[in-house]
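Structure first, commentary second.
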Amino acid sequence: MRRLVILLVLYAVMGGVFVLGGIEAGTPTLMLFGFLILGAYSVGELVKPLGIPKIVGYLVAGVLFGPPGLGYVSKPVLAELNAVSNLAIALIAFLAGAELQMSEIKARGAAIMKMVSVELVLTFASVTAVMVALRGLLPFMAQAPMSEAIAFSMLFAAVAVVHSPAVTMALLTETRANGPVARYTLGVVLVMDVAVVLIFSLVLAAARSLVPPAGDDGGVQIGAVVWEIGGSVIVGAVLGAGIAAYLRFISRELFIFGLLVALLGAEVARILHVETLLTLLVAGFVAENAGGGRGAELRHALERAAAPVFVVFFALSGAKIDPRTVLPLWTIVVPVVLVRMAGIWSGMQLGGRWARLDPSIPQRAWMGLVSQAGVAIGLATVVADVYPERGGQLRALLLATIAINETIGPILFRLGLKRAGELTEGG
Amino acid sequence: MTTPLLLILVAALAFLATHVAYEWLAKRLLIVSGAEYLILGVLLGPQVTGLFTPAAIEAFQPIAILGIGWMGITAALPLRLQRLVRIPAVHYRLALVEAIATLALVTAGAVSALHVAFEVDVAMALAPALCLGAIAVASTPAGLDVAYGDQRNDSRRRAPVLLQIEVANGMDAFLSVLAFGIMIAMMHVAAPVMIRALTTTEWVVVTLGIGAVGGTLFHLFLGNERSPDRLFISLGGAVILTSGAAAYLNLSPTLAAFVMGVILVNSLRHTGPVEEVLRGAERPLYYVLLLLAGASWAPASNVVWWLVIIHYVVLRTLAKLWGTGIVTWLNGAQSEVGLDWGRALIGQGRLTIALALDYSRRGLPYGDVIFTCAAVSVVFTEFFAARFVRSVAAPLVAPLETLSATTEAVVGTVTETMTHAIPGFLRQERGESRPDSESRSDSHSIAHSVSHSDSPSDDGAR
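These protein sequence lines are chains A and B, in that order. Heads up: the first sequence begins at -8 in the working numbering, then just goes up one per residue. Heads up: the second sequence begins at 3 in the working numbering, then just goes up one per residue.
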């Protein structure tokens, strides 16, 4: 109740400030940033007693205060706050990498690889099939030749197989879950994140040769893909080595240091045209495993730094969801979401059996793989850039699917952790 | 170089400055570090190397506003009423007269200097001169912190002269922020809001209201929350919201955040964790502010400018030195605090830069001149702030320290003798039946807790 009152007071205060501002007022970005932190945090706390993860509350706050809702956080403000989203992605990737210890990779690596490969194949194939089957409902694919329908369906599926490291990390940080289901889910999400760069690039290259975009020579940019992956590993390893040296010899003020590292990594990755997520993931992994045992301190400091960043990141993600675009597409989105979930579930069951895991682990871990967020949105934008007209419609469909997965994914993951008995008291 | 990369470098420099240079310089050379980053900012800025382009400086405005607000809220942290009421009234009397004297003298001097140098009407020069006067009142508490420890529970900080300097620092901050905030409200562009344009008084009330709502909201938000993570999120959000709202309305973020700080330190039961979060970010943000201030500084070689600046430095120094001397003599307090404690207030620092940057970024009249006055003052005085404090306080604190050491030695000797003469003396004294080692550790912890009894966080607990 107190949170609700605070939220209403916040809303009233903002309304008053906007009225007082008039035409002579300055830019509201900083104010709205603060408002978003407090507002989203309040909604997160409001939904927590209902057994819903706080990040879903942050997303709801974003929808509520964003352009489709009350409109306080307008599109230009969203664009100005994009830097915060980039920082969040970098921080999440670094944290995720720092979660991986060499001993754990040795112990679980083979099982994770088996689950990833089966899940990837099944999800990709099933989503491609359902898209081809439903092509009559899509205006841009209805009259297209089969080769084009297959190309766009594969592009859609290449984005659909992506999971969300952000949601996984945020929920693990929130619940402090650290059991086998949490560890296997994280492992699958991270490996898939690396694999998806390669898969998406290959599918895009295939789509280009099947359906050449306007003004495109249709050539496969293998060098760019190799650099994107190889360069990420090299840059990440160098960055990680620097961080490890800092941890070994200085190891002070890790909170600010961690934030700087995330910022620096993201910016360097952007300048060098390598994958931000993979770069920071590798940097986190190297820092954790070469930091002379000080990696845990940095991880704890970063978890603290990540808390407000998660709030804003998911609120901004929510603000980008437009329910008005999701509703008209429900006849396609609902089957796609269900088929994708079925693909993930069956992939994990078969992969788990192949790896001879305790069956209870894949039975719960699949629930942590439904979420989609920033990476998938980024890839959807790439599709729209390559195919401005039809890709734009495909992007709208992808965003509608991602919006559903982004909302139900955290709830499912929490349920999976709860069933596995891995939720702590506070979580 | 890209803007984000530049931001990272700025933050990295601030980080290094805070945790390497500051501590090293402060401990070994009794120097308050910081002003050099103003110079570094100038070197990085468009005036010299051009690494900081005007567009990049503009892009950093939200961070500058946040820094300005942050300096405001941290300036309010010492103003916990429970602690303030225990301080003898004479300290407030001396501090208030000193602050008002500085405001009046520098304002009068600035009006005449602007009138003569730029040939403007006295009425036109009054508002900028009052802003300069408000900036002149501020004095840095960093000198006292570096010279005598930054914990108010440090036993050395109980000497009357140090208490006087601490009270004067707080009073200077209060008057400076208040006067500056009122002046900004006065100079507010009178655009009609709904039916009519708001009056100056109404804008002042709006500024105070933003701070009050921010403080109250935060109080409601967390109450007695102590978890650093939750505090960090909500406190950061509240300061960003308050500073951002004030800046959006073209009001003073410093005053709004200051009011918020006053409400927080007086309404929360345990202020320790909040202070820790706020203090933790204060110094890095100050260095970022200095770098941005330096980069946006555009001093002119015009002789007339330097006339105003010299005027400012001389009058401010005179006000601090003579104002305190005269008022102390009139109150007959020279035996306790000495006649020259005003020297400890000559150093200017974070609040001065925050206010001056806030003024210059608005494009108000004589913004460059006023900013240059403040920047020159910080460059020439902040380095030596700790030495100023030490030179004033050492002659008065040394005898007290000697007395304290002698008392402790006597008490120690007597206790030891009694313990030898009467076995189990300490145990009987405390009515406990534990081994000596535990008794000794208890006596230590009791002494420790007594010595910490003045800490703000403990005030609430008690």
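Quick reminder that beta carbons are idealized off the backbone N, C-alpha and C, glycines included. Treat the numbers as computed from the prediction; the structure is a model and nothing was measured.
Under the three-state reduction of DSSP output, R82 of chain B falls in the coil class, being neither helix nor strand. Cβ proximity to chain A below 8 Å picks out L243, T244, S245, G246, A247, A249, Y250, L251, N252 from the segment 243 to 263 of chain B. It is roughly 7 Å from the alpha-carbon of A140 of chain A to the alpha-carbon of R126 of chain A. The Cβ of A292 of chain A sits no closer than 8 Å to any Cβ of chain B.
For D174 of chain B, the enclosing alpha helix (DSSP H) starts and ends at 162 to 188. The segment 91 to 103 of chain A makes no contact with the segment 292 to 304 of chain A; the number of CB pairs closer than 8 Å stays below 3. Beta-bridge partners assigned by DSSP to A74 of chain A: none are found. In the DSSP assignment, S94 of chain A falls within the alpha helix (DSSP H) that extends over 93 to 124. The three-state reading of DSSP puts R392 of chain B in helix, counting H, G and I together.
Interface residue (Cβ-Cβ distance to chain A less than 8 Å): P90 of chain B is not classified as such. Look at E15 of chain A: its C-beta is under 8 Å from a C-beta on chain B.
Chain order gives the chain B residues near F26 of chain A as G239, I242, L243, G246, A247, where near means a beta carbon separation below 9 Å. Around the beta-carbon of H264 of chain A, fewer than 16 other beta-carbon atoms lie within 10 Å, marking it exposed. Taking 8 Å as the threshold, the shortest C-beta distance from P275 of chain B to chain A does not fall below it.
Around the beta carbon of H93 of chain B, 16 or more other beta carbons sit within 10 angstroms, so the residue counts as buried. DSSP, reduced to helix, strand and coil, places A138 of chain B within a helical segment of the structure shown. Taken atom to atom, the span from the alpha-carbon of V163 of chain B to that of V276 of chain B is near 28 Å.
For G12 of chain A, the closest Cβ of chain B is nearer than 8 Å. Using a Cβ-Cβ distance cut-off of 8 Å, the segment 62 to 71 of chain A and the segment 318 to 332 of chain A are not in contact, since fewer than three pairs of beta carbons, one from each stretch, lie closer than that value.
Scanning the segment 126 to 189 of chain A from its first residue to its last, no whole beta strand (DSSP E) run of 3-plus residues comes out. At a C-beta separation below 8 Å, I67 of chain B has these neighbours in chain A: L21. For V215 of chain B, the nearest CB of chain A lies under 8 Å from its own CB, placing it at the interface with that chain. The straight-line gap separating the alpha-carbon atoms of A232 of chain A and T176 of chain A is approximately 27 Å. In this model, L50 of chain A and I43 of chain A are separated by some 12 Å (Cα to Cα). Within 8 Å of the CB of I(-3) of chain A, the CB atoms of chain B belong to L219, L222, F223, in sequence order along the chain. Taking all protein chains shown into account, M183 of chain A has 16 or more neighbouring C-beta atoms within 10 Å of its C-beta and is therefore buried. At a beta-carbon threshold of 8 Å, the residues of chain B lying near L29 of chain A are L219, F223, S236, G239, A240, L243, ordered along the chain. In this structure the segment 246 to 263 of chain B touches the segment 11 to 19 of chain A; the number of beta carbon pairs closer than 8 Å is three or more.
Shown here for T383 of chain B: same chain residues with a beta carbon closer than 6 Å to its own, the five before and five after excluded, namely I348, G349, Q350 in chain order.
In summary, no residue of the segment 299 to 316 of chain B has a CB separated from any CB of chain A by less than 8 Å. Taking C-beta atoms as the reference points, S362 of chain A and F301 of chain A fail to come closer than 8 Å. Contact annotation: the segment 116 to 131 of chain B does not touch the segment 325 to 344 of chain B, with fewer than three C-beta pairs closer than 8 Å.
Around the beta carbon of F373 of chain B, a 10 Å sphere encloses 16 or more other beta carbons of the protein chains shown; the residue is thus reported as buried. Within the model, the alpha-carbon separation for L189 of chain A versus F182 of chain B is close to 58 Å. For K45 of chain A, the enclosing alpha helix (DSSP H) covers residues 45 to 56. Burial is judged here by how many other beta carbons sit within 10 angstroms of a residue's own beta carbon; G238 of chain B has at least 16 and is buried.
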